[in-house]
Amino acid sequence: MSDKTAQAERLRQRFALYDTNGDGRIERGDLEAEARRIVEAFGEEENSPKARALLQAYPHMWDYMMEQAGRDAGEALTVEQFVEIADAQMLSRGAVGFSTVLRPSIRAMVDLCDIDGDGQVDPQEFRKWLGAIGNDRIDADEAFRQVDTDGNGRLSVDELVAAVGKYHAGELDARCWVSDARTHGRARSGGGSLGEPRSPTPAVPAGDEDGLRSAEAPGTGRRAVSAGPAPETGRLLVRAALVLLSLGQGVPGAWALFAPRSFHDAFPLPAFAWLTKFPPYNEHLVRDLGALSLGLTTVLLWAAVRPERSLVRAAAFGCLAFTVPHLVFHVAHLGRFETVDVVGQLISQVAPIMVAGMVILLSRRISGAGL
Numbered sequence: 009m010s011d012k013t014a015q016a017e018r019l020r021q022r023f024a025l026y027d028t029n030g031d032g033r034i035e036r037g038d039l040e041a042e043a044r045r046i047v048e049a050f051g052e053e054e055n056s057p058k059a060r061a062l063l064q065a066y067p068h069m070w071d072y073m074m075e076q077a078g079r080d081a082g083e084a085l086t087v088e089q090f091v092e093i094a095d096a097q098m099l100s101r102g103a104v105g106f107s108t109v110l111r112p113s114i115r116a117m118v119d120l121c122d123i124d125g126d127g128q129v130d131p132q133e134f135r136k137w138l139g140a141i142g143n144d145r146i147d148a149d150e151a152f153r154q155v156d157t158d159g160n161g162r163l164s165v166d167e168l169v170a171a172v173g174k175y176h177a178g179e180l181d182a183r184c185w186v187s188d189a190r191t192h193g194r195a196r197s198g199g200g201s202l203g204e205p206r207s208p209t210p211a212v213p214a215g216d217e218d219g220l221r222s223a224e225a226p227g228t229g230r231r232a233v234s235a236g237p238a239p240e241t242g243r244l245l246v247r248a249a250l251v252l253l254s255l256g257q258g259v260p261g262a263w264a265l266f267a268p269r270s271f272h273d274a275f276p277l278p279a280f281a282w283l284t285k286f287p288p289y290n291e292h293l294v295r296d297l298g299a300l301s302l303g304l305t306t307v308l309l310w311a312a313v314r315p316e317r318s319l320v321r322a323a324a325f326g327c328l329a330f331t332v333p334h335l336v337f338h339v340a341h342l343g344r345f346e347t348v349d350v351v352g353q354l355i356s357q358v359a360p361i362m363v364a365g366m367v368i369l370l371s372r373r374i375s376g377a378g379l
C-alpha cells in the first residue's frame with residue numbers, strides 16, 4: 009500500500025469515527041459530541057476548566073479547517089470532502105499543519121490526564137489516556153516507547169502532536185490517539201478520538217417514524233431508545249423554527265417601520281385593531297418598534313442560515329427577551345379586549361415563546377453548537 013493510500017485510509021477511518029449515525033456525513037456537532045464523550049470517559053465535569061478546554065478545542069479544530077477550506081462551518085462533509093480538506097490542511101503541510109490543527113485539542117487532552125500537573129504525560133497517565141479513548145487493550149508500554157522520542161519517560165505535547173502526525177502520514181503505528189479495532193462496539197459510547205471506525209448506527213426501524221433513534225442495547229436483547237431527532241433532522245427543525253420566528257418579527261416590523269399609522273390603526277387586522285386600545289398614537293415609538301423587530305429578524309435569519317450553536321441560542325434567547333415581557337404586559341391588560349381578541353393575543357404571543365424554547369432545546373443536537 010502506498011503512503012498516499014495509507015494516509016487516505018487512516019483519514020477515512022477517522023471520518024468513520026465521527027460519523028456516529030452512519031449517514032456518510034459529519035458536521036461540527038459530531039466533533040462536539042466526541043469531545044463530550046472523552047470528557048465523560050475521563051470522569052471530568054463538563055463545566056470544569058479542563059473539560060471546557062477540550063469542549064472548545066474540538067469544534068475550534070473543525071472551524072479552522074472549514075475556514076481555511078473556504079467553507080461554512082455549518083456545512084456537513086462527505087468522506088471524500090473530509091479527506092480532501094484534512095489532506096490539504098494537515099498532511100500536505102507536514103508537521104506545521106498537524107501542529108496548527110491538532111495542538112489545542114492535544115494540549116487539552118494532556119491537561120485532562122495530567123495527574124501531577126507537570127504539563128506532560130507519564131506512563132501511568134498515558135494508560136489513563138488510552139483508557140479514556142477506548143484503547144486500553146494495546147501494549148501501553150510499547151506505544152509509550154514509540155512516542156517518547158527523547159527517552160525521558162515523559163510525553164510532551166510536541167511529542168504527541170508529532171506522533172499523531174506520523175500516524176496519519178503512515179509513518180507510525182502507535183495508536184496513542186485512536187481506538188483499537190477490537191473496541192468498536194464500546195467506541196459507540198466510549199470509543200477513540202482519532203482513527204478507527206465505529207460500528208455503523210442501525211437504521212431507524214419501522215415503527216420509529218416519530219424520529220426516536222433506537223438500537224439494541226448490548227447484552228440485553230432490548231431496544232435502547234434515545235429521545236430526539238438525529239443531528240441533521242434537528243438542524244432542519246431549528247432552521248425552520250428560526251425562519252418562522254423571523255417571519256413573526258419581520259412582517260409586523262416592516263409594517264410598523266414603513267407604515268406606522270396603518271400599523272397602529274389596523275394591527276393585526278382592521279377588524280381587531282389591538283393597538284388602538286392603548287392610545288395615544290406615537291409615530292416615533294411605532295417606527296422604533298418596527299426597526300427593533302427588523303433587527304431581531306436579521307439575527308434570527310442569520311442563525312437560520314448559519315445554525316451554529318452559540319448563534320442559534322443567542323437568537324432564540326434574544327427572541328425570548330422580547331416576547332416574554334410582551335406576553336406579560338398583554339396578560340395584565342386582557343380586560344380591555346373581547347374574548348376573541350384575548351384568544352388571538354394569547355395564541356400569537358405564546359407561540360413564539362414555545363418555538364424559541366424548542367430551538368434552545370434542539371440546539372444541544374447541532375454544531376451544533378454546534379452546539
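Going by this note's numbering, the first residue of the sequence shown is number 9, and it counts up by one from there.
All C-beta atoms, glycine included, are put in the ideal place defined by N, C-alpha and C.
Residue range of the alpha helix (DSSP H) that residue i falls in?
| i | result |
| --- | --- |
| TRP70 | 57-76 |
| THR157 | It is not in any alpha helix (DSSP H) - THR157 carries neither H nor E in the DSSP assignment. |
| TRP137 | 131-140 |
| ASP11 | 11-26 |
| MET362 | 347-370 |
| GLY298 | 291-313 |
| PHE275 | Neither: PHE275 is in no alpha helix (DSSP H) and is coded neither H nor E. |
| ARG321 | 317-340 |
| ARG101 | Unbroken run through ARG101: none, as it is neither H nor E. |
| LYS285 | Here LYS285 belongs to no alpha helix (DSSP H), and DSSP marks it neither H nor E. |
| ALA170 | 165-176 |
Taking the alpha carbon of residue i as the reference point, which residue from the options has its own alpha carbon closest?
| i | options | result |
| --- | --- | --- |
| GLU179 | THR13, LEU253 and GLY256 | THR13 |
| ARG115 | MET69, GLU83, ASP80 and GLY82 | MET69 |
| PHE275 | THR347, GLY139, GLN353 and LEU369 | GLN353 |
| LEU370 | VAL109, VAL350, GLY30 and ARG243 | ARG243 |
| VAL367 | ALA329, PHE325 and PHE345 | PHE325 |
| VAL363 | PRO315, THR347, VAL350 and LEU245 | LEU245 |
| ARG135 | LEU163, GLY125 and SER113 | LEU163 |
| LEU328 | PRO360, ARG344, VAL350 and ALA96 | PRO360 |
| TRP310 | GLU52, GLU17, THR28 and ASP80 | ASP80 |
| SER113 | ASN290, ILE46 and ALA312 | ILE46 |
| ALA16 | LEU39, ALA94, LEU62 and ARG44 | ALA94 |
| GLN357 | GLU48, GLU53, HIS338 and ARG314 | HIS338 |
| LEU19 | LEU63, LEU253 and PHE106 | PHE106 |
| GLU316 | HIS272, ARG247 and GLU346 | ARG247 |
| ALA103 | HIS176, ALA43 and GLY37 | HIS176 |
| PHE280 | GLY161, ARG314 and VAL348 | VAL348 |
| ALA84 | ASP38, GLU53, GLN97 and LEU252 | ASP38 |
| PRO287 | ASP11, ALA323, ASP147 and HIS272 | HIS272 |
| ARG295 | ALA262, THR305, LYS285 and ILE34 | ALA262 |
| LEU304 | GLN128, PRO260, MET98 and ASN290 | PRO260 |
| GLY159 | VAL172, ASP181 and ASP130 | ASP130 |
| LEU250 | SER100, ARG22, GLY365 and PHE345 | GLY365 |
| VAL350 | TRP282, GLU133 and GLY127 | TRP282 |
| ARG111 | LEU319, LYS285, ASP149 and GLY173 | GLY173 |
| ALA8 | LEU99, THR157, GLN128 and GLY139 | The structure shown does not extend to residue 8, since the chain spans only 9 to 379, so no value can be given for it. |
| GLY161 | ALA96, ASP147 and GLN128 | GLN128 |
| ASP448 | LEU277, GLU52 and ARG314 | Lying outside 9 to 379, the shown extent of the chain, residue 448 is not represented and no answer is given. |
| GLU52 | ILE123, ARG22 and GLN21 | ILE123 |
| ASP11 | PHE152, SER100 and ASN29 | SER100 |
State the beta-bridge partners of residue i as determined by DSSP.
| i | result |
| --- | --- |
| THR86 | ARG33 |
Write down the C-beta distance between residue i and residue j rounded to the nearest angstrom, noting that I regard them as a contact closer than 8 Å.
| i | j | result |
| --- | --- | --- |
| GLU92 | TYR66 | Wrong, their Cβ atoms sit about 20 Å apart, outside the cutoff. |
| GLN257 | LEU297 | Going by Cβ atoms, the distance from GLN257 to LEU297 rounds to 11 Å, so no, they are not a contact pair. |
| GLY82 | ARG33 | The Cβ separation is near 13 Å, so there is no contact. |
| ARG44 | LEU25 | Not quite, the Cβ-Cβ distance comes to about 14 Å (not below 8 Å), so this is no contact. |
| SER254 | ALA312 | 7 Å |
| ARG321 | LYS285 | That pair is no contact at about 35 Å. |
So, does the stretch 154-168 touch the stretch 72-89, judging by three or more C-beta pairs under 8 Å? no
Pairing CB atoms from the stretch 325-335 with CB atoms from the stretch 262-270, are three or more of them under 8 Å? no
With a cut-off of 8 Å, do at least 3 Cβ pairs link the stretch 106-120 to the stretch 50-63? yes
Taking three-plus beta-carbon pairs below 8 Å as touching, is the stretch 86-105 in contact with the stretch 130-143? no
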